[in-house]
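There are 2 protein chains.
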Amino acid sequence: MNANVQDVVVLLGDSITEFGWEPHGLAQRLAQTYVRKFDVINRGFSGYNTEWVIPVFEQFFAKSQDQARLPKVQLLTIWFGANDACIPPEPQYVPIDAYAANLSKLVNFVKSPDSPYYSPATRVVLITPPPIAIKQWNEVLAGQGEEPQGRSLDSAHRYAEATKEVGRKEGVPVVDAWTGIWEACGKGEEGLPRYFSDGLHLNANGYAVVYDALLKAISESYPEIHPDALGFVFADFMEVMPSQNRAQTLIKRNVFDK
Amino acid sequence: MNANVQDVVVLLGDSITEFGWEPHGLAQRLAQTYVRKFDVINRGFSGYNTEWVIPVFEQFFAKSQDQARLPKVQLLTIWFGANDACIPPEPQYVPIDAYAANLSKLVNFVKSPDSPYYSPATRVVLITPPPIAIKQWNEVLAGQGEEPQGRSLDSAHRYAEATKEVGRKEGVPVVDAWTGIWEACGKGEEGLPRYFSDGLHLNANGYAVVYDALLKAISESYPEIHPDALGFVFADFMEVMPSQNRAQTLIKRNVFDK
């Protein structure tokens, strides 16, 4: 972009990512945390599954030869499964083995030296689908005059487990949104609605669980990009104000040189 | 950036812009509104004035010859004055004529064909500094053990008027945050704190006034980039789901072809 001085965090996912710009959503929280360090780019696509997003990824992620003149993607989160885990014949359904293969493909787009999108600077985090408060979701649908959907807590759980298996296989950290929310709600379906806006999408409570788990995963796996480890690209005004050489003080910095 | 498919909105300013990633802040609201259409880039620098930001602009905004291969800045908001309007000898103070000249310089960085940063695709909006609830702000400072600062409602008002004059001179629309908040609060200082988190920085009420006025300015001056006029870069899943040719349906689109 014209405004090309900061590197970026890219959030790839479905509606639960797209809606993350809501107040207290995942994108909003990350953007606030990383302000003046990394820009946060939301590539959430409501309703999408891992199959549909592959051609999308191939169009939005820069090829290796173009990456040098573009801000680096320092962190890529990949958060699907909520739609893949629909129960057939729902059209969003992706069989669990294909879901796992698609996740691996997305990871290897950036991690495999053979990929045209190979981006060695990009750290990847997988996020599992959350549970679903199916009774709440079907009530919301009924309120809109729609039929109940083929979704289930058990199916979401199996796709969450498959996500963790992909993480192990590909050597990528996994934020277990499923278990985090399940444990937070007391491991009972009756507690789930407190974490959802409508049974399927997270509210501030749900996003808080995922945000905290993501920051923990960053601390553990990629501590060099934890917000606390990074400096501002442009100096704090408390440094600018007394500077005897403001032109020098205002030269852009490497965020990793805190 | 690696994720280079969407054009961008750039918010340039001081702390009132930087803090816009807060829930209900200006950046958060715009990012939510423009999701899947434009990315929102926050270039707010707490404590900065128009003098200090000029060398910063020259480092973060791409030069004309580099712009073609980077996402376009479709909209640039320039929102200063809160710090420039400090009363001397406060070190953030910028004389009002210099403030106006600096604003003109920032506008002409992108609008003047002679500028190395000339960006004919970039629409500019100026935003005036808001009022200041000086009693509230000095109480906050006192609570932190700090002395009262040299700021005043009247000075902020004069810099707001100067901003509007620059807008007229440069032919750029102006969002009058000062008047918007002053009228919303009933034109009395006692009503101001309802629009501020601390007397200087806006809360959700204050940002709502500015957001609404900005969307109105976009409607009036640049209707082609009003969020309602734009389509998604990648298709809505309701179009993907029944598609007989998903590869075709998933090809990225021009947001202006709604």
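Going down the list, the sequences are from chains A and B. Read left to right, the first sequence gives residues 29 to 286 (the numbering used here). Read left to right, the second sequence gives residues 29 to 286 (the numbering used here). Ideal Cβ positions, reconstructed from N, Cα and C, are used throughout, including at glycine. Model, not experiment: these values are computed from the prediction.
* **Entirely enclosed alpha helix (DSSP H) segments - the stretch 212-279 of chain B, minimum 4 residues** => Every unbroken stretch of the alpha helix (DSSP H) spanning 4 or more residues and falling wholly within the stretch 212-279 of chain B is given here in chain order: 232-249, 265-268, 274-277.
* **Own chain partners of residue 66 of chain A with C-beta closer than 7 Å, once the 5 adjacent residues on each side are dropped** => Same-chain partners within the cutoff: 34, 35, 36, 37, 102.
* Asked: What distance in whole Å lies between the Cβ atoms of residue 139 of chain B and residue 82 of chain B, which are believed to be in contact at a cut-off of 8 Å?
  -> Their Cβ separation, rounded to whole angstroms, is 15 Å, which puts residue 82 of chain B and residue 139 of chain B out of contact at 8 Å.
* For residue 115 of chain A, three-class secondary structure by DSSP -> Of the three classes helix, strand and coil, the one that applies to residue 115 of chain A here is coil, per DSSP.
* Report the residues of the stretch 81-107 of chain A with a CB closer than 8 Å to any CB of chain B, ordered along the chain. => Here the close residues are 83, 84, 87, 88, 89, 90, 94, 95, 97, 98, 99, 100, 101.
* Sufficient close CB pairs (3 or more, under 8 Å) joining the stretch 146-157 of chain B to the stretch 170-178 of chain B -> No contact exists between the stretch 146-157 of chain B and the stretch 170-178 of chain B.
* Asked: Buried or exposed: which applies to residue 273 of chain A, given that a residue is buried once 16 or more other Cβ atoms fall within 10 Å of its Cβ?
  -> If you draw a 10 Å sphere on the C-beta of residue 273 of chain A, you find fewer than 16 other C-beta atoms in it, and that means exposed.
* **Beta-carbon neighbours of residue 56 of chain A, restricted to chain B and to distances below 7 Å** => Within chain B, the residues near residue 56 of chain A are 49, 51, 56.
* Are residue 224 of chain A and residue 161 of chain A closer than 8 Å when you measure CB to CB? -> Taking 8 Å as the Cβ cut-off, residue 224 of chain A and residue 161 of chain A qualify as a contacting pair.
* Listed by chain order, chain A residues near residue 76 of chain B by CB distance under 8 Å -> Those are 265, 268, listed as they occur along chain A.
* For residue 93 of chain B, which of helix, strand or coil comes out of DSSP? -> Helix at residue 93 of chain B.
* For residue 199 of chain B, does the count of other Cβ atoms within 10 angstroms reach 16, so buried, or fall short, so exposed? -> A residue is called buried when at least 16 other Cβ atoms come within 10 angstroms of its Cβ; residue 199 of chain B does not meet this threshold and is exposed.
* **Inter-residue Cα distance where the pair is residue 203 of chain A and residue 117 of chain B** => Taking the straight line from one Cα to the other gives about 51 Å.
* Where residue 122 of chain A falls: helix, strand or coil (DSSP) -> Looking at residue 122 of chain A - three-state DSSP - the assignment turns out to be coil, as it is neither helix nor strand.
* To do: Please name the residue in A:68, A:91, A:265, A:250 whose C-alpha comes closest to that of residue 141 of chain A.
  => Checking every option, the nearest Cα to that of residue 141 of chain A belongs to A:91.
* **Closest by C-alpha distance to residue 125 of chain B, when choosing among B:276, B:216, B:190** => Per the C-alpha coordinates, the member of B:276, B:216, B:190 positioned closest to residue 125 of chain B is B:190.
* Closer than 8 Å, Cβ to any Cβ of chain A: which residues of the stretch 62-75 of chain B, in chain order? -> Listed by position, the residues of the stretch 62-75 of chain B near chain A (Cβ gap below 8 Å) are 63, 64, 67, 69, 70, 71, 72, 73, 74, 75.
* Could you have a look at residue 98 of chain B and say whether DSSP puts it in helix, strand or coil? => Coil, per DSSP.
* To do: Grab the span of the alpha helix (DSSP H) containing residue 155 of chain B for me, first residue to last.
  => First-last for residue 155 of chain B: 151-155, but that is the beta strand (DSSP E), not the alpha helix (DSSP H).
* Step through the CB atoms of chain A and report whether any lies within less than 8 Å of the CB of residue 274 of chain B. => Residue-level contact check: residue 274 of chain B touches chain A, since one or more beta carbons of chain A fall below 8 Å from its beta carbon.
* Cβ pair residue 280 of chain A, residue 87 of chain B closer than 8 Å -> With a cutoff of 8 Å on beta-carbon distance, residue 280 of chain A and residue 87 of chain B are scored as near each other.
* To do: Starting from the C-beta of residue 183 of chain A, find all residues in its chain whose C-beta is less than 7 Å away, skip the five residues before and the five after it, and write them out in chain order.
  => Answer for residue 183 of chain A: 113, 115, listed in chain order.
* Closer than 8 Å, CB to CB, is residue 46 of chain A near chain B or not? -> True, the Cβ-Cβ gap to chain B drops below 8 Å.
* Distance, Cα to Cα, residue 217 of chain B vs residue 271 of chain B? -> C-alpha separation (whole angstroms): 58 Å.
* So, residue 229 of chain A versus residue 51 of chain B, is the Cβ gap smaller than 8 Å? -> Contact flag unset, no.
* Around the C-beta of residue 110 of chain B, are 16 or more other C-beta atoms found within 10 angstroms, so that it is buried, or is it exposed? -> Looking at its Cβ environment, which holds 16 or more other Cβ atoms inside 10 Å, residue 110 of chain B is buried.
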